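One structure is given below, encoded as C-alpha cells.
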Amino acid sequence: MYSTSYAGPRDLTNFTFEMARMNGYLEKQSLKSPDLWKRRWFVMQENVLFYYKSEEDVRDGKPSDETCCGIIQLDSIDSVTTAVRVMQ
Numbered sequence: 001m002y003s004t005s006y007a008g009p010r011d012l013t014n015f016t017f018e019m020a021r022m023n024g025y026l027e028k029q030s031l032k033s034p035d036l037w038k039r040r041w042f043v044m045q046e047n048v049l050f051y052y053k054s055e056e057d058v059r060d061g062k063p064s065d066e067t068c069c070g071i072i073q074l075d076s077i078d079s080v081t082t083a084v085r086v087m088q
C-alpha cells in the first residue's frame with residue numbers, strides 16, 4: 001500500500017497540535033509531475049500526518065480546513081521507501 005493524501009472534506013475540530021510529536025519541513029513528490037518536489041510543512045500527531053504549504057498556514061496551533069493540503073493516515077501504511085532524486 002502506498003500513502004496518498006486525502007483531498008476531500010474533513011473535520012479537523014478534534015485535532016490540536018499542542019501535543020504534536022514532530023513538525024518541520026519535508027519535500028513531497030508531486031502527484032501531477034513526479035519529477036517535481038515541493039517543500040511542505042508537516043505536523044505529525046498520533047497516527048496522522050498533516051501537511052501545509054508553509055508553517056504560517058498552521059493557525060493558533062490547530063489544523064485548518066482551508067490551509068491543510070492533505071492528511072496521511074500512518075496506521076494504514078505498510079512500508080515506506082526512499083525516492084531516488086538526482087541533483088543536477
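Residue numbers (UniProt numbering): 1 to 88.
Where a beta carbon is used, it is the ideal one built from N, C-alpha and C, also for glycine.
The structure presented is a predicted model; accordingly, all values stated were derived computationally and were not measured.
Check	Outcome
4-residue-minimum alpha helix (DSSP H) runs that sit fully inside the UniProt domain "PH" (19-88), ordered along the chain	none
Beta-carbon proximity check, Q73 vs V48, cutoff 9 Å	yes
Buried versus exposed, by CB contacts within 10 Å (16 or more), V58	buried
Y51 classed as buried or exposed, judged by whether at least 16 other C-beta atoms fall within 10 angstroms	buried
Proximity below 9 Å, CB of K53 to CB of W41	yes
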